[in-house]
Amino acid sequence: MPSAVEVIYMVLIAGELTIGIWGNGFIVLVNCTGWLQRRDSSVIDIILVSLAISRICVLSVVSADGFVLLLSPHAYAQSETINTLDAFWTLSNHSSVWFTACLSIFYLLKIANISHPVFLWLKLNVTRVVQGLFLASFLTSIIINVFLKEGSWGHVEVNHEENITWEFRVSKAPSAFKLIILNLGALVPFALCLISFVLLLFSLFRHTKQMKLYATGSRDSSTEAHMRAIKAVTIFLLLFIMYYAVFLVVTSSFLIPQGRLVLMFGGIVTVIFPSSHSFILIMGNSKLREAFLKVLRCVKGFHKRRKPLVPQ
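Here this note's numbering is used: the first residue of the sequence shown is 393, the next is one more, and so on.
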C-alpha cells in the first residue's frame, strides 16, 4: 500500500506529465499541420518541434521511472531495468538540453543587436550555425548514451525489513567516471544556453532603455513588447538553472543515503521546466499563440452551447 507521500508524488507527477504532454504536443501538432499545408518549414519550426518531442520523451521517462520505483520496486531493483531507464533518460535529456541551446542561440542571433564582427558573421549564417548545433546534439547524445550502456550503474537491493531501503553496490572509480562524463555532456549545451540568454537579456535591457528615451508615451507598444520579452527570458533562465541543478542532484542520488527520496523530489522538480516552458513558447510565438487562443475560443463556445437554458 503506497504511503501518503508516495500518493502525493504520483498525483503530482501524473498532473505535470499531462500538462507537459498537452503543451508540447500542441507545439508539435500546430507546426506539423503547418508543414503539411505549406509544404515548407522554417528553422524555428524545426527547433520547436524537435525540442517539444525531446521534452515529451523526458517527461515520459521521468514519470515511468517514478512509477516503476514506487509500484514495482522488484523490477526497479534489477540492473537491466535501471540501465534501460538511464539510457532513455540520458538520450532524451541531453537532446532536450541541446535543442534548448539551439533555441537560445537562434533567438540571440535573431533578436540581439551586438556590433562585434564574430556575432555579425554568426547572425548572417544563423541557419548553418543551427544546423551544426543540431548535428552536434545528435552525435553527443548518441555517443554518451552508447558509452553509458557499456556498463551498469550498479545493483540495487530491496530490504523489506527496513521498509524498502536502497543499497547501491557500485564500484567507485567506474561509476564516478561515468557520472562525470554524464554531467560534462550536459554542461556544454547548458553553458551555451546560459550565455546566449544572458547576452540576449542584456541586449533587451539596453535596447529597452534606449527606446524609453525616445518613446512618445508611457505606454509605447514596442517598449511593452520588449519588457514582456525580458520577463519571459528571466523566467526561462530561472527555470532552466533550477532544472540543471536538480539534474546534477538526481544523477548523484546513488551517493546520497536517502537516494529514493531524492529521486522522488528530483522527479517532481525536473518535470516543471519542460512542462511549463512549453506554454511560455506558445505565448511567445505568434503562430502558436493564435492557434492556442483559437482553441480556447472553440472550447469556450462548446461549453456555452452545452450550458442548459435557465427558465424565465
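Virtual Cβ for every residue (Gly too), placed ideally from N, Cα, C.
These figures come from a predicted structure and were not determined experimentally.
So for residue i, helix, strand or coil by DSSP?
i    : result
L653 : helix
K692 : helix
L432 : For the record, residue 432 in the displayed sequence is Asp; it is not Leu. Three-state DSSP puts D432 in coil, outside helix and strand.
H486 : helix
P566 : Per-residue confidence for P566 stands at a pLDDT of 48, beneath the threshold of 50, marking its modelled position as unreliable; no derived number is given.
H466 : helix
A504 : coil
S395 : coil
N416 : helix
N423 : helix
N517 : coil
Terminal residues of the continuous alpha helix (DSSP H) containing residue i?
i    : result
V663 : Premise fails: V663 is in no alpha helix (DSSP H) and is neither H nor E.
N677 : It is not in any alpha helix (DSSP H) - N677 carries neither H nor E in the DSSP assignment.
Look at the alpha carbon of residue i and the alpha carbon of residue j, and state the distance between them as a whole number of angstroms.
i    : j    : result
E549 : L653 : Its pLDDT being 44, under 50, E549 is placed unreliably in this model, and the value from its coordinates should be taken loosely. In a straight line, the C-alpha of E549 is about 16 Å away from that of L653.
A624 : H599 : 16 Å
L655 : P509 : 46 Å
V641 : R431 : 44 Å
G577 : Y635 : 15 Å
I660 : L409 : 10 Å
R697 : F684 : 20 Å
I497 : V522 : 8 Å
V399 : I405 : 10 Å
V687 : F418 : 10 Å
F597 : M619 : 8 Å
F665 : I503 : 23 Å
L525 : K692 : 41 Å
F459 : Q429 : 39 Å
V450 : C424 : 20 Å
S670 : H695 : 25 Å
W427 : N485 : 26 Å
A583 : A637 : 13 Å
F594 : V663 : 28 Å
C494 : I674 : 17 Å
V420 : V590 : 27 Å
S667 : C690 : 23 Å
S442 : W513 : 25 Å
A456 : T482 : 14 Å
L462 : F491 : 31 Å
T532 : P581 : 10 Å
F480 : A396 : 29 Å
N505 : S588 : 13 Å
V518 : A528 : 15 Å
E472 : F511 : 47 Å
V435 : N475 : 34 Å
Does the beta carbon of residue i sit closer than 8 Å to a beta carbon anywhere in chain C?
i    : result
C494 : Looking for chain C here will not work: only one protein chain is present.
Would you say residue i touches the ligand ATP, meaning its beta carbon is less than 7 Å from a heavy atom?
i    : result
Y635 : Summarising the ligand content, the structure contains no ligands, and the ligand ATP is consequently not present.
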